[in-house]
Amino acid sequence: MEPRMSLASRATRSGLFQRFNLARFFKGDAPSAAPWLLNRRNVYILPTRQGLFFAVTLMIILLGAINYNNSLGYFLTFLLGSIAIVAILHTYRNLLRLEVRLANIEPVFAGSEATIPVVLHNPGSERREQVALAFSGQEPKHCAIEPSSQCVMPLHRLAGGRGWQPVDRFTLASTFPLGLFRAWSHVVPDAYYLVYPRPAAEARLPQTSRYMASLLGDQGIGSDDFAGLRGYRSGDSLKHIHWKALAREQGLLTKQFGGDRSERLWLDWRMLEGSEIEARLSQLCRWVIEAEQQGLEYGLWLPDQIIEPGRGHAHQQQCLQALALYGS
Amino acid sequence: MAAEMRWLNRLPLPNALLLAGILLLILPHLPHLPPWLSVAVLGVIAWRLLHDIGRLPLPNRFMRILLVLLAIAALLVTYRTLVGREAGTALLVMMLALKLFEMRSWRDVTVVVFLSFFVMVTAFLFSQSLLMGGYTLVVVTLLIASLISFQQPDRTVAREPLLADLRHAARLLLPALPVALILFLLFPRIPGPLWGLPDDAGASRTGLSDEMEPGRISRLVDSNEVAFRVQFDQSRPPAAQRYWRGPVLWQYDGRKWQTEPNRIRLPEQFDLDSNGPALEYQVTLEPHNRQWLFALEMPASVPGQAQLNSEYQLIARQRIGEVFRYELRSYPDYRLDPHILLERERYLALPPDTSPRTRELVKELAAQTTSAAQLIQAVLSYFAEQPFYYTREPPLLFDDPVDEFVFETQRGFCEHYASAFTVMIRQAGIPARVVTGYYGGEMNPLADYMIVRQSDAHAWSEVWLQGRGWVRIDPTGVIPPSRVELTADLAQREPAVRSRLEAERPWWLHSLHQAGYAWDALNNRWQQWVVGYNQNRQNALLRALGLKDINWQKLVFLLMMILSLALLIIAALVFRSAPNAEKRVNRLYRRFVRKLARRGITKSPAETPSAFSERAIREQPEKTERIRQITQTYLLLRYADLDTQTQHRSLKWLARAVRQFRPE
C-alpha cells in the first residue's frame, strides 16, 4: 500500500528534549516506517494500581518490623521489595527488542471493520509471555511469542472514511510476571489502508447504459446469444463446453455466445446527476459489486478517470480503488 | 484495568498454587490459633479447592456476610479483643480465609496474596528461628509463582506450566536475595518501638518467672529451647560451678515464693570479696520478655544497659524483646556480703503458723547441733537419708506444700527442695532466700560456646552465715543418684550419670546428637547475625569494614551506592542476550572435534561432518554409536526444521553427550 498523502514531518528538536518529551510518553513518536523495534528509548514502565498497593503493603510491614524490632520482618520486607525490583527488569525485558511489523492490510468498505494484522517477531532467546496488544480504548489481546519466532495478531478497528486511512497508534504492553508493573510502547506506524466508499443500499443495476455500447459489434465474448463453436482453449468456462460434441467424440469444443453489445455495462457518474458526491460514489460502488457478482462486463466513467470495461477481481479492485480515491 | 475483568472462577492451576502457598503459610500458625479457627481455615481451603475442580459452589453474598459476622463474634468471645499479637494474628488469618470465598478477579487475587504477606510477618512474632526463615522462602516462592500463574490465565492445566511458574518465581527470587541481604545489613536501623507494644507481645515465650511455686519450673524442663549461649574468653567453669543466677526470691506466702523489685536497692557499693581467677565471657540471651539477665555466680561487672541490685541480680533497663548480648566477669570463688546483712528481717520472715510439722523437726535438729553450719548440714542429711526422690512428675500438693512434701509425698523437683529447705532454715532463725536460674550448660563440641537450655532451669537456696556471707546451698544435690529418676534432666547433668548414659547410647543416637550440636552452632550464628541484628551490630559491622563514626545520611548514601551496583549487575544478567541456538550448536560441535583432535583425529576444513564421523569411527570403533549419534544430532540441529520443543531437547542432549564424550 503506497500512501498518497504527505506525512507529518518529524519534528526537528534536540535529541535530549525529544527523549524526555511527555507527548512521546503518552502518545508515542511521530509516525515511522516498519519495522518498529522496541528499545530502551520507546519502552516505558510504571507501577500498576496493584504495584502501588503492594508498595503500601510493604511500608506497613516495614513499620511493623521496626516497631517490633523483628529481624525476619525486616528481611521479608526487603526480600519482597527486591523481588518487585527484579520484576521491573523482567517486565521490561518482556517487551524489549521485539520487532513489530504489519502484514498486508486488505482494503475494506467504509463503515465496516478493518483488520490490521500485526506481526510480532521475537529475535531473542527468551519466550515473551502475555504481550498485550490494542488500539487505544480497546480491550487488549494477548499472545505469547516463542524465541526466534513470530506471531500474528489481528487487530480490529472501524474502517473510517473513504480513501487512504492511517493505521493509528497501537500499544504493546506487558504486566508479566507479577502484574505490579506495566511496561508499554506506543507504535505509531506510517502505514495506510484503503477504504472503499460505503456501498449504497440500492442494488438494482442501471438500465440506461446501453447507449454507450461498444461500436465494435458482437465479438462472441458475451453470454446471451449463441454465436458458434470454436476449439477449446484452456481457461474457457466448463459451462460453455459443448458436452454433446464431446460425447460424439468430436473433441473439446467451446460454445461461443454473443450479446456483449447489449450487456456491456457502463457505470457512469453522469447517470447519477443531482446526488451528492459521496452518494454517487456509494451507488457506483454498489453497482461495481453487483456487476462483478453477476459476471457482467462493466466499465467505470468518472470525471477524472475512465476505466475500460472488463471483469474479474483485479478489475473490480481497480474500479473500487478509483472510487475510493476520487477527488483526492 | 482490563485484566481485572478477567474472571478467575475456573482457573484450577493458579488457584491450586495459591492454595498450596496459603496452606503452608497457615501451618506454623496452627499451634497458637484457637482450634475452631484452625479447623475453619483448613475447611475453607478445602472448600475452595473443591469449588475450583467444579464440585462445590461458593457461598453466596448473604452467607459470606453471615460468616464474617460469626467469625468476628467468635474471635471476640475467644480473645475479648481484636488487637494484640494473638488476636490480631487470628483476625488476619480469618480475613485471609474468608477472602478466598470472594476471590474472583485479578484484584481479589492481589488482595489475597498481600494479606498472605501480612499473615507471614505475624508468624515472625511467634518464631524467628532458622527453620522459620528457610520455610518462609519456600512460601514466598509459592505465592510469587501463583501471582505469575494468574498472569497467564489462558493456559491449559498441565504439569509443565506449573513447574515453569515455579522456575520463573525462582528466577525472580534468586537475584532478589543478595539485594535483600544488602538492604538488611545496611538499611538504617531505627531502635523501636515506634508506638507501644501490645501487652502480649512476648506472652508465650518460655523462661523463668519471678514467682516460684510447685510445678512452675518442672513445666520448663519439657522445653528443649535454648535459654542463652555463652562464649568464654579463656577458661570455662567446671560443671559443678555452672550456677547461672536469675531472679532472687525472698517473700514467702505459705505457698509461693516472690520478690518485690521496688523494695530492692540499687547500691553504689558492693560487698563482694573475690578469690581466685575471674572468668570473662559473653552471653547471648534469647528474648524472654523480662528484664533480668543471667550471670554465672558471682558477677563482678555490670554490662551497659543493665544494673546490679543488692541481691546480685542483673536487671536490664528494658524488657528483653530481642536477642541481647552482653559481656560479664564473674568470680566462681566469692564471699558475698560477708560483713553485714542489711534488711535481715526480710530473709527471716515467714507467715505465722506455716508448716508446723517441719518447725517441730527443725527444733529437734537444732537441739542436736550447736552452730548454724551444723544445723544446715543436719537438714541436708535429713533429705539425703530419708527416702526422698527426685522426679519430674511429683504428686500434687495442697494445703501446706512444705509439710506435705517433707512428711508425706517426699517426691519432688528442685523447686520443692529449695522451697522446703529455705523454709526450714528460716524456721531455725537463719536468714535464707531462694535463687532461681539455670544450672549446667553443655559445650557445643563443634564450636566454642556453651548452650544453656530452658530444661536447665533450676532453683537453689542461699543462706547467710556470719563471717561467710551468703552461701549457696543446693538441697537437690544431696539426693543420691539411686533415688533420681533417670529420665529426669537434672540426672543427665550429673557427670557420672551422664557418662553412663552416653555409653549406653547407640551409634545413631550419637550421630543425631552430633548433628544436633551442628544445628545449634548454625542457630547460634543465626541468632547473633540475623535475629539479633540491630543498630549495635550494624555499627560493629561498619567498623569492621573500616567505616568509623558513620551517620545515617552517609549510611543511606552507602546503601544507595551498593544497591545501584547490585542492580546494575542484575540488570546486565537479565538483559544479556543468551547465545542463540545456532551459535550453541556450532560451539558444541567444535568442542567435539577438539576432543577427537586431541587423539590425533583432526577434521580438515573441507571435510563434511558425515565424512569426518566415518573416519573417526574407523579410528575409534568402540565409540561408533556415540560419534554417529552426536554427528546426526548436530546435522539435525543445523539443517532440519525442528519445532521449538524438539530443538530444545536435542540441544540439551547434545550438550550432555559432548561433555561426557571421552575418546579412547
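These protein sequence lines map, in sequence, to chains A and B. According to my numbering, the residues represented by the first sequence are 592 to 919, in order. According to my numbering, the residues represented by the second sequence are 37 to 700, in order. Ideal Cβ placement from N, Cα and C applies to all residues, glycine included. These numbers come from a predicted model, not from an experiment.
Residue i at chain B interface by Cβ criterion, 8 Å
i              : result
H920 (chain A) : No answer is possible for residue 920 (chain A): it lies beyond the span of chain A, which begins at 592 and ends at 919.
S673 (chain A) : yes
F975 (chain A) : Not covered by the structure: residue 975 (chain A). The range shown for chain A is 592 to 919.
S662 (chain A) : yes
V677 (chain A) : yes
L693 (chain A) : no
L667 (chain A) : yes
I897 (chain A) : no
L670 (chain A) : yes
Q841 (chain A) : no
G728 (chain A) : no
Y652 (chain A) : Note that residue 652 (chain A) is Ile in the sequence shown, not Tyr. Yes, I652 (chain A) counts as interfacial toward chain B.
E720 (chain A) : yes
Y659 (chain A) : yes
G748 (chain A) : As written in the sequence, residue 748 (chain A) is Arg, which differs from the Gly given in the question. Chain B, which has no Cβ nearer than 8 Å to the Cβ of R748 (chain A), makes this no.
R684 (chain A) : yes
G655 (chain A) : yes
Residue-chain proximity (residue i, chain A), Cβ-Cβ < 8 Å
i              : result
I226 (chain B) : yes
M187 (chain B) : With the sequence shown as reference, residue 187 (chain B) is identified as Gln, and Met is not the correct amino acid for it. At least one chain A Cβ lies under 8 Å of Q187 (chain B).
H324 (chain B) : no
G340 (chain B) : no
P64 (chain B)  : no
F150 (chain B) : yes
H204 (chain B) : yes
T125 (chain B) : no
A239 (chain B) : Because A239 (chain B) sits at a pLDDT of 44, beneath the cut-off of 50, its placement in the model cannot be relied upon, and the point is left open.
T472 (chain B) : no
Inter-residue CB distance, residue i and residue j (contact presumed, cutoff 8 Å)
i              : j              : result
E296 (chain B) : Q287 (chain B) : 6 Å
V592 (chain B) : P67 (chain B)  : The Cβ separation is near 40 Å, so there is no contact.
L887 (chain A) : Y787 (chain A) : Incorrect: roughly 19 Å between the Cβ atoms, too far for contact.
F860 (chain A) : R871 (chain A) : Looking at the sequence provided, one finds Trp at residue 860 (chain A) rather than Phe. Right, the Cβ-Cβ distance comes to about 6 Å (below 8 Å), so this counts as a contact.
E333 (chain B) : S366 (chain B) : 7 Å
I466 (chain B) : V415 (chain B) : Going by Cβ atoms, the distance from I466 (chain B) to V415 (chain B) rounds to 10 Å, so no, they are not a contact pair.
R684 (chain A) : F611 (chain B) : 6 Å
W83 (chain B)  : A110 (chain B) : Not confirmed; about 18 Å, so no contact.
A557 (chain B) : A483 (chain B) : 4 Å
A576 (chain B) : L624 (chain B) : No, A576 (chain B) and L624 (chain B) are not in contact; Cβ-Cβ is about 50 Å, not under 8 Å.
L749 (chain A) : E697 (chain A) : Not really, about 15 Å apart at Cβ, beyond 8 Å.
F702 (chain B) : V488 (chain B) : Limits of chain B in this structure are 37 at one end and 700 at the other, which puts residue 702 (chain B) out of reach.
Taking a Cβ distance cut-off of 9 Å, strictly less, list which residues of the stretch 860-881 of chain A are near chain B, in chain order.
none
Which whole runs of the beta strand (DSSP E) in the stretch 644-732 of chain A are 3 residues long or more, in chain order?
690-693, 704-713 and 719-726
Could you name the residues of the stretch 756-781 of chain A whose beta carbon sits closer than 9 Å to any beta carbon of chain B, in the order they occur along the chain?
T766, F767, P768, L769, G770, L771 and R773
At a Cβ cut of 7 Å, what residues of the stretch 669-684 of chain B count as close to chain A, listed as they run along the chain?
T680
Return the chain-ordered ranges of every alpha helix (DSSP H) run that is complete within the stretch 128-192 of chain B and spans a minimum of 4 residues.
142-159 and 166-186
Determine which residues of the stretch 158-169 of chain B have a Cβ less than 8 Å from any Cβ of chain A, and write them out in chain order.
F160, L161, Q164, M168 and G169
Is it the case that the stretch 172-182 of chain B contacts the stretch 201-213 of chain B, given that we only count it when at least three CB pairs across the two stretches are under 8 Å?
yes
Are three or more beta carbon pairs between the stretch 758-772 of chain A and the stretch 736-745 of chain A nearer than 8 Å?
no
Members of the stretch 733-744 of chain A that neighbour chain B once the beta carbon cut-off is set at 9 Å
H733, A735, E737, P738, S739 and S740
Curious, which full-length alpha helix (DSSP H) runs of at least 4 residues does the stretch 560-638 of chain B contain?
571-580, 588-611 and 617-633
Report the residues of the stretch 550-574 of chain B with a CB closer than 8 Å to any CB of chain A, ordered along the chain.
V566, V567, G568, Y569 and N570
Which residues of the stretch 336-364 of chain B have a Cβ closer than 7 Å to any Cβ of chain A? Give them in chain order.
G357 and E358
Would you check if the stretch 411-425 of chain B and the stretch 456-473 of chain B touch, i.e. whether three or more CB-CB distances between them fall below 8 Å?
yes
For the pair the stretch 686-705 of chain A and the stretch 617-636 of chain A, tell me if three or more CB-CB distances fall below 8 Å.
yes
4 or more residues per run - each alpha helix (DSSP H) lying fully within the stretch 820-895 of chain A:
834-838, 851-854 and 868-884
List in chain order: all unbroken alpha helix (DSSP H) runs of 4+ residues lying wholly within the stretch 392-442 of chain B.
392-404, 408-421 and 437-440
Could I get the ranges of all uninterrupted beta strand (DSSP E) runs contained in the stretch 45-126 of chain B, with 3 residues as the minimum, in chain order?
none
Answer yes if the stretch 642-658 of chain A comes into contact with the stretch 151-169 of chain B, meaning at least three C-beta pairs across the two stretches below 8 Å, and no otherwise.
yes
Assess, as a yes-or-no matter, whether the stretch 755-762 of chain A is touched by the stretch 671-681 of chain A under the definition of 3 or more beta carbon pairs within less than 8 Å.
no
Along the stretch 623-647 of chain A, what residues have a CB closer than 7 Å to any CB found in chain B?
T639, R640, Q641, F644 and F645
For the stretch 717-735 of chain A against the stretch 659-671 of chain A, do three or more pairs of beta-carbon atoms, one drawn from each stretch, fall closer than 8 Å, so that the two count as touching?
no
Whole runs of the beta strand (DSSP E) within the stretch 272-309 of chain B, excluding any shorter than 3 residues:
279-285
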